[in-house]
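If you're matching positions, the sequence shown starts at 203 in the working numbering and goes up one per residue.
All C-beta atoms, glycine included, are put in the ideal place defined by N, C-alpha and C.
Worksheet: the structure to be examined is printed underneath.
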Amino acid sequence: MPFLPLRSVRIPSDTSNLYSEWLAWLSEELESEKCDRNELCRLILTDIYFPHLGDAHLRNDATHFLPVALAQMNPENVTLEPEYYQDIDLERYTPRKPLLWLWEMFDRSYLGENVELGIRFRRILAHHVFGHCGANFKAFPHVRLSFGYNLDIGDNVVIHRHVLLDDRGGIEIGDGSSVSDFANVYSHTHDIADGRIIETPKTIIGRGVRITYHATILAGTHVADDSMVGAGAMLTKSTEPHYVYAGVPAKKVKKKPDKELSKAAPPTLDALADEA
C-alpha cells in the first residue's frame with residue numbers, strides 16, 4: 203500500500219493572518235471572565251449568516267420572517283435535544299450550550315467546509331466544551347455532540363465528518379485515535395420494553411484505535427488500545443488489543459500486523475497540528 207501522509211496546503215499569507223487575527227480574538231473573548239457566551243454566539247452567527255441584517259429588528263422594512271431568523275442567532279432562543287434529557291447537568295451544560303450551537307451553525311455555513319479555518323475554529327471551542335481536550339485535536343465538519351462536558355479527549359485525536367459522539371454517559375478517547383466519517387459512538391441505551399428507562403454506561407476508546415467508516419460503537423463498550431473496528435461494523439462487546447473487528451455484530455477477524463512494520467515509516471509534518 204502506498205505511503206501517503208497528509209501534505210501541507212498553503213494559503214495566501216494575508217488570508218492566514220486574517221484567520222489568525224479573528225481566531226485570536228475569539229480565543230481572547232472566551233478566556234475573558236466578562237464574556238457573555240450567548241451574546242458572542244449571536245454576534246458571530248449574525249455576522250456569518252446576515253452580515254447586512256444585524257440591525258433588521260430596528261428597521262421598519264424588515265420582513266415578518268427576519269425577526270424569527272435573527273432570533274436563531276441567539277442560543278437563548280433555541281432548544282437543543284440534550285436539554286430535554288432528565289440527566290442533564292444544567293450547571294455544566296448552560297455555559298457550553300452557546301458554543302455547541304455556534305459549532306453547529308458554523309459548520310452549516312459557507313465557512314464550515316474550509317479545512318484550514320474550520321479545524322482551528324473547532325479546536326478553540328473544544329477546549330471550552332469538552333471535559334478535557336488534549337493537544338492537536340482535529341474535528342472535521344458536522345460532528346455532533348450531546349452534552350459535550352462528558353467527553354475526555356486525549357492528544358492527537360481526529361474526528362472526521364458527520365460523526366456522532368453521544369457523550370450522555372461519557373466517552374473517553376485515547377491518544378492518537380481516530381473516528382472516521384459517519385461513525386456513531388454511543389454512551390446511552392434504552393430499555394426494550396420502555397424507552398424511558400435509560401442506562402448511561404461510559405464508552406472507552408483506547409489509544410491508537412481506529413473506528414472506521416460508518417461503524418457503530420454501542421454504549422459501555424471498551425475499544426482496547428491499538429484495535430480497529432471495520433467499516434459498517436456494530437461493536438456490541440469490548441475488544442482485545444491489536445485485533446481487527448468487523449461485521450454486525452462485530453467479531454474478531456484478525457490480528458493487526460507486527461508493529462515493527464510501521465516503524466519503517468518516516469516521521470512526517472502534521473499539516474493541521476497546533477501552531478504551538
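So, at 6 Å on beta carbons, what are the nonlocal neighbours of Ala385 in its own chain, with the 5 sequence-adjacent residues on each side left out?
Answer for Ala385: Val365, Ile413, Ala417, listed in chain order.
Considering only C-alpha positions, which residue in the set Thr438, Leu437, Ile407 is nearest to Val425?
With distances taken between Cα atoms, Val425 lies closest to Ile407.
According to DSSP, is His330 helix, strand or coil?
Looking at His330 - three-state DSSP - the assignment turns out to be helix.
Please state if the CB of Val411 and the CB of Ser429 are separated by a distance shorter than 8 Å.
A contact, by the Cβ cut-off of 8 Å.
In angstroms, rounded to a whole number, what distance separates the CA positions of Thr192 and Leu437?
The requested residue 192 is not part of the displayed model; the chain covers only 203 to 478.
In whole angstroms, what separates the C-alpha of Lys453 from that of Tyr447?
Roughly 5 Å separates the two Cα atoms.
Out of Ile326, Gly434, Glu293, state which residue places its alpha-carbon closest to the alpha-carbon of Phe349.
Answer by Cα proximity: Glu293.
With DSSP run on the structure shown, which of helix, strand or coil describes Thr265?
Caution is warranted here: a pLDDT of 48 is assigned to Thr265, below 50, making its placement in the model unreliable, and the coordinate value is therefore given only provisionally. Three-state result, Thr265: coil.
If you check the beta carbons only, do Val331 and His362 fall under 8 Å apart?
No, the pair does not count as a contact, with Cβ atoms beyond the cut-off.
Compare the C-alpha of Arg346 against each of Glu283, Cys335, Arg244 and name the closest.
Considering only alpha carbons, the answer is Glu283.
Is it true that the CB of Leu304 sits closer than 8 Å to the CB of Ile355?
Cβ atoms of Ile355 and Leu304: not closer than 8 Å.
Would you mind sorting Arg398 into buried or exposed? The rule is 16 or more other CB atoms within 10 Å of its CB.
Arg398 comes out exposed.
How many angstroms separate the CA atom of Pro236 from the CA atom of Ala328?
Residue identity differs from the one stated: residue 236 is Lys in this sequence, not Pro. Cα to Cα, the separation comes out at about 20 Å.
Would you mind working out which of Ile375, Ile321, Pro343 sits nearest Ala473, comparing C-alpha positions?
Nearest of Ile375, Ile321, Pro343 to Ala473, Cα basis: Ile321.
Indicate whether Ile373 and Leu353 have their beta-carbon atoms separated by less than 8 Å.
Yes; because the gap between Cβ atoms is below 8 Å, this pair is in contact.
Just to confirm before moving on: does the CB-CB distance between Arg239 and Pro297 stay below 8 Å?
Yes, these two residues count as a Cβ contact at 8 Å.
Can Asn338 and Ala226 be called in contact, C-beta distance under 8 Å?
Contact: no.
If you draw a straight line from the alpha carbon of His444 to that of Thr391, how long is it in whole angstroms?
Going from the Cα of His444 to the Cα of Thr391 covers about 27 Å.
Work out the CA separation of Asp368 and Asp393 for me, nearest whole Å.
Near 17 Å, if we compare the C-alpha coordinates of Asp368 and Asp393.
Express the C-alpha separation of Lys299 and Tyr287 in angstroms, rounding to a whole number.
Those two C-alpha atoms are separated by around 14 Å.
At the level of alpha carbons, what is the spacing between Pro468 and Gly336?
Looking at the two C-alpha atoms, the distance is approximately 24 Å.
For Arg324, which residues from the same chain have a beta carbon less than 7 Å from its beta carbon, with the 5 sequence-adjacent residues on both sides left out?
These residues qualify, in order along the chain: Trp305, Ala341.
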